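Count along the sequence shown from 1, then add 2; that gives the number in our numbering. Every residue, glycine too, gets a C-beta built ideally from N, C-alpha and C. As the structure is a prediction and not an experimental result, all values here were calculated from the model.
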Amino acid sequence: MSIYKLYIMRAKELLDKKIEEVMKRREEVITVKPEDSVQKAIELLNGKISGLPVVDDEDYLVGVVSNMDILRELSSDPERLKELKVKDVMSTYTIISLSPHSTVRDAIMLMTKHCVHRIFVINLEDEKKVEMRAGRGLRPTSVYKLLGVFSASDVVRLLS
């Protein structure tokens, strides 16, 4: 059998795996809290990571802070950056997530559809209602316990 055919077989097998089998588990995932400084997020986004999940004290996923969120703030008011908290720059509307029982195929389809590099794996049975920032006001939203993260680089790593 050719190496090409083996590679295709391996890729097909990978696509049908459950996310929970291949994701980075919560204890392996670097996170920040809403009250952390943006400076701390910058230090953690050290060029190897492009975005961090933002979790509350109970490990509920409440947002994501990315390089782009920080750059957006930097371009508008660089002096203010040292005063800001993660909650001031994080995104709450771009949290793309799946249950741990979803497949790698599902995750890849979501990542490509939404042009994101990572999918947050959440426990859909562990829901909490919170007030989230929406424009200039607050809106009630459901948040879920973070179980792990699955990223595009994980797909490449699993294929190698």
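Helix, strand or coil for residue i? Go by DSSP, reduced to three states.
| i | result |
| --- | --- |
| Ser99 | strand |
| Val56 | strand |
| Lys147 | strand |
| Asp38 | coil |
| Glu69 | Sequence check: residue 69 is Asn here, not Glu. It is helical. |
| Lys130 | strand |
| Ser93 | strand |
| Ile10 | helix |
| Val158 | helix |
So residue i and residue j are in contact, right, with Cβ under 8 angstroms, and what is the actual spacing, rounded?
| i | j | result |
| --- | --- | --- |
| Val40 | Val91 | 6 angstroms |
| Val31 | Val151 | 5 angstroms |
Would residue i be called buried (16 or more neighbouring beta carbons within 10 Å of its own) or exposed?
| i | result |
| --- | --- |
| Arg120 | buried |
| Gly49 | exposed |
| Met25 | buried |
Quiz item: When the Cβ atoms of the region 20-29 are set against those of the region 102-111, are three or more pairs found closer than 8 angstroms?
Solution: yes
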